[in-house]
Each structure stands twice: as C-alpha cells, then as structure tokens.
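**Student:**
Protein chains: 2
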Amino acid sequence: MFKDNEQQPNGFTLPLAQALDHLRWNEAGLVPAIARQHDTGEVLMMAWMNREALEDTLRTGRVCYYSRSRGGLWRKGESSGQTQTLIELRIDCDGDTVLVNVDQTGPACHTGRRDCFYWRADGEQLVLDKAPLIDPADLYPDKH
Amino acid sequence: MFKDNEQQPNGFTLPLAQALDHLRWNEAGLVPAIARQHDTGEVLMMAWMNREALEDTLRTGRVCYYSRSRGGLWRKGESSGQTQTLIELRIDCDGDTVLVNVDQTGPACHTGRRDCFYWRADGEQLVLDKAPLIDPADLYPDKH
C-alpha cells in the first residue's frame with residue numbers, strides 16, 4: 001500500500017485503519033518509533049510500538065510505546081511523570097517506521113538526561129557528553 | 145557496559161571497539177540507525193547498520209547502512225548521488241540505537257523527497273504532505 005502510493009500528490013489520503021493493517025510490523029508485532037522534540041529538532045529517544053500503542057497514542061495525544069522488557073504498554077511518563085505530548089505522528093515511505101513529533105516534559109531518558117543519545121563517537125573512544133537534568137533517584141522514587 | 149556506565153560524569157570515555165562489542169545487535173546482527181540533518185533537526189530516515197556498516201561510516205565519514213533487501217552494505221548515495229556526510233555518530237543509553245547527525249545532499253528518500261516521513265496521521269486518515277525535490281526517475285536513471 002505504501003509502495004503503491006509513493007508517487008501520489010500532496011494532499012492524497014489513505015484510510016488510517018487500512019494503512020495500519022499494512023504497516024510492516026516485525027515478527028513481534030512492533031515497529032520502531034523515533035521521538036523528536038517538535039520545536040528544537042532534538043532526537044530524544046527510539047522505542048517500539050505495537051498497534052495498540054500506536055492507536056493509544058493517537059487517541060489520547062500522549063505517546064505510548066510497547067515495553068519489550070515488561071511485555072506491555074508503556075505510557076511514557078507513567079512512572080517518571082515526564083510525559084510526551086503528541087504534536088504529530090508520521091509514517092515513513094515503506095511503512096516500517098513511526099516518527100512522533102512531541103513536546104517532552106523534562107528528561108526523555110531514564111537516566112535523567114534530556115535525550116538518550118549521550119555517547120558520542122570520537123576517534124577510538126565513545127565519550128559521554130550529556131549530564132542529567134534530574135537525578136534518576138528523583139525520577140523513579142519507587143525504585144529507591 | 146552501557147547500563148554499568150550510565151551514571152558516569154561528562155567526559156567519561158569507553159574504548160570504541162569494546163563498546164561496539166556490547167551494542168545490542170539484533171538476531172540479524174543489526175541496530176536501527178536514525179539519520180538527522182545536523183543543522184535543521186529534520187529526521188531524514190531510519191535504516192539499519194551492521195558492525196561493518198557502522199565502522200565504514202566512522203572510517204570514511206560517509207554514512208553506510210546495511211540493506212536488508214539487498215543483503216549487503218549500502219553506501220548511501222552510491223546509486224542516487226545523494227550522499228550523507230557524517231557530522232557525528234551517537235549511541236543511546238542502552239546501546240541498541242545509533243543516531244547519525246549528517247549533512248544530506250538533496251533528498252534522503254528514494255522517492256525524491258527530502259525525508260521519508262511524508263505520511264501524517266490526521267484523524268481517520270493518513271495524509272501525504274511532502275512533495276519530491278527531484279523526480280525519482282532522475283535519481284535512479286539506471287532503473288528506467
């Protein structure tokens with residue numbers, strides 16, 4: 001369906017429910033979802049969505065992922081309070097990746113950093129170059 | 145290794161080769177790689193890298209992916225001429241996703257569009273809202 005319609009003009013529409021039937025969910029029923037801060041263009045994190053998480057995101061306007069470690073829906077911010085408000089949800093040319101433009105409250109990363117990409121390759125090293133905004137002990141008080 | 149070092153201070157380093165040993169490559173030996181235009185913050189595309197593609201990217205300064213359809217290295221732009229010059233390569237907190245900040249020549253998408261995320265969810269529809277910069281027939285003349 002995505003391939004068949006890639007040469008359509010701007011403004012062309014597909015029914016959402018039918019398009020979701022044609023997403024290229026992996027063998028676990030998931031697609032990668034990239035979260036980007038809508039105004040600054042920071043890439044905050046990458047996680048996974050199943051269909052239920054994607055539909056929940058669109059219905060509620062709060063980003064919801066599928067947690068592979070917990071095996072269930074993960075409403076971003078439900079433990080940490082650091083929610084992602086959905087600005088827009090996009091799907092790529094071959095229907096196998098989601099991009100959510102969001103408004104992130106505070107840190108997106110479980111380490112308390114604004115985003116998850118704090119290791120930068122530099123020659124023969126990886127350098128940690130971003131500091132936490134919030135102590136993770138304060139993000140997840142139940143864990144401590 | 146990533147988990148063990150998430151509370152290290154800014155400037156802490158890991159040996160790159162050892163860190164790559166600890167990336168969470170999937171069962172096909174791949175990690176997702178997000179390409180972002182370094183200055184505008186556009187998310188251009190998502191593709192996959194194996195270790196060889198990642199090392200090739202760092203060595204050459206041109207972004208190289210692994211093509212799952214072709215089953216081999218995919219030096220971005222080798223057929224289309226639309227290369228991605230590497231600005232910086234980052235790895236996320238749990239070592240399972242790569243972010244490349246790049247300088248993209250022209251369109252990143254095989255459809256001739258600047259980026260691959262041209263389907264936007266809007267109510268019960270997906271709306272195509274980005275037009276090609278270049279006719280794909282001119283991007284891949286060998287295919288036509």
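Residue numbers (my numbering), protein chains in the order written: chain Y, 1 to 144; chain U, 145 to 288. We treat Cβ as the ideally placed atom computed from N, Cα and C, and that holds for glycine.
Whose CA, out of U:His254, U:Asn154 and U:Ala163, lies closest to the CA of Met145 of chain U?
**Tutor:** Here the question's residue 145 of chain U lines up with position 1 in the second sequence. Of the listed residues, the one whose Cα sits closest to Met145 of chain U is U:Ala163.
**Student:** Could you please give the first and the last residue of the uninterrupted alpha helix (DSSP H) stretch that includes Gln162 of chain U?
**Tutor:** In the second sequence, counting from the first residue as 1, residue 162 of chain U sits at position 18. Here the alpha helix (DSSP H) through Gln162 of chain U covers Leu160 to Asp165.
**Student:** Per the DSSP calculation, Trp119 of chain Y is bridged to which residue(s)?
**Tutor:** As a first step, residue 119 of chain Y must be located in the first sequence, where it is residue number 119. Its beta-bridge partners are Y:Leu128 and U:Ile235.
**Student:** Pro176 of chain U lies in the beta strand (DSSP E); which residues open and close that run?
**Tutor:** If you number the second sequence from 1, residue 176 of chain U lands on position 32. Val175 to Gln181 is the extent of the beta strand (DSSP E) around Pro176 of chain U.
**Student:** CB Ala252 of chain U to CB Trp218 of chain U, shorter than 9 Å?
**Tutor:** Here the question's residue 252 of chain U lines up with position 108 in the second sequence. Here the question's residue 218 of chain U lines up with position 74 in the second sequence. Not a contact, by the Cβ cut-off of 9 Å.
**Student:** By the 10 Å Cβ neighbour count, where 16 or more other Cβ atoms means buried, how is Ser146 of chain Y classified, buried or exposed?
**Tutor:** With chain Y represented from 1 up to 144, any question about residue 146 of chain Y goes unanswered, as that position is not in the structure.
**Student:** So with CB distances below 9 Å, who are the chain Y contacts of Ile278 of chain U?
**Tutor:** For this step, residue 278 of chain U is matched to residue 134 along the second sequence. Ordered by position in chain Y, no residue passes the 9 Å Cβ test against Ile278 of chain U, which lies about 13 Å from the chain.
**Student:** Among Y:Phe12, Y:Glu42 and Y:Leu14, whose alpha-carbon lies nearest the alpha-carbon of Arg114 of chain Y?
**Tutor:** If you number the first sequence from 1, residue 114 of chain Y lands on position 114. Looking at the Cα atoms, Y:Glu42 is the closest of the given residues.
**Student:** For a quick check, are the C-beta atoms of Cys93 of chain Y and Thr255 of chain U less than 9 Å apart?
**Tutor:** Here residue 93 of chain Y refers to the residue found at position 93 of the first sequence. Here residue 255 of chain U refers to the residue found at position 111 of the second sequence. Yes; because the gap between Cβ atoms is below 9 Å, this pair is in contact.
**Student:** Under 9 Å between C-beta atoms, does Tyr262 of chain U make it to chain Y?
**Tutor:** Stepping through the second sequence from its first residue, residue 262 of chain U is reached at position 118. Tyr262 of chain U counts as touching chain Y.
**Student:** What does the alpha-carbon distance come out to for the pair His288 of chain U and Ala281 of chain U?
**Tutor:** Numbered from 1 along the second sequence, position 144 holds the residue referred to as residue 288 of chain U. Numbered from 1 along the second sequence, position 137 holds the residue referred to as residue 281 of chain U. Note on His288 of chain U: pLDDT 46, under 50, position unreliable in the model; no value is reported.
**Student:** Look up Asn10 of chain Y in the DSSP assignment and give the residues it is bridged to.
**Tutor:** The residue you call residue 10 of chain Y lines up with position 10 of the first sequence. None, per the DSSP bridge assignment.
**Student:** Grab the span of the alpha helix (DSSP H) containing Leu198 of chain U for me, first residue to last.
**Tutor:** Counting from one through the second sequence, the residue named residue 198 of chain U turns up at place 54. Here the alpha helix (DSSP H) through Leu198 of chain U covers Arg195 to Thr204.
**Student:** Output yes if chain U places a C-beta closer than 9 Å to the C-beta of His144 of chain Y; else output no.
**Tutor:** The residue labelled residue 144 of chain Y in the question sits at position 144 within the first sequence. At His144 of chain Y the pLDDT is 46, less than 50, meaning the model places this residue with poor confidence; the figure from the coordinates comes in the next sentence. It does not: the Cβ of His144 of chain Y has no partner Cβ on chain U nearer than 9 Å.
**Student:** Compute the Euclidean distance between the alpha carbons of Leu283 of chain U and Met190 of chain U, then round it to the nearest angstrom.
**Tutor:** The residue labelled residue 283 of chain U in the question sits at position 139 within the second sequence. The residue labelled residue 190 of chain U in the question sits at position 46 within the second sequence. Distance between the alpha carbons of Leu283 of chain U and Met190 of chain U is about 19 Å.
**Student:** Counting only beta-carbon atoms, is Asp103 of chain Y nearer than 9 Å to chain U?
**Tutor:** On the first sequence, residue 103 of chain Y is found 103 positions in, with the first residue counted as 1. Output row for Asp103 of chain Y: interface = no.
**Student:** Take Leu102 of chain U as the anchor and find which of Y:Ala28, Y:Asp129 and Y:Gly29 has the nearest alpha-carbon.
**Tutor:** As shown, chain U starts at 145 and ends at 288. That puts residue 102 of chain U outside it, with no answer to give.
**Student:** Starting from the beta carbon of Cys253 of chain U, find every residue of chain Y whose beta carbon is closer than 7 Å, and list them in chain order.
**Tutor:** Reading the second sequence from its first residue, position 109 is the one you call residue 253 of chain U. Result: Cys93.
**Student:** With 9 Å as the threshold, decide whether the Cβ of Val207 of chain U is near any Cβ in chain Y.
**Tutor:** By 1-based counting over the second sequence, the position of residue 207 of chain U is 63. No, Val207 of chain U lies away from the interface with chain Y (no Cβ there is under 9 Å from its Cβ).
**Student:** Helix, strand or coil: how does DSSP classify Leu277 of chain U here?
**Tutor:** One-based indexing of the second sequence puts residue 277 of chain U at position 133. Coil.
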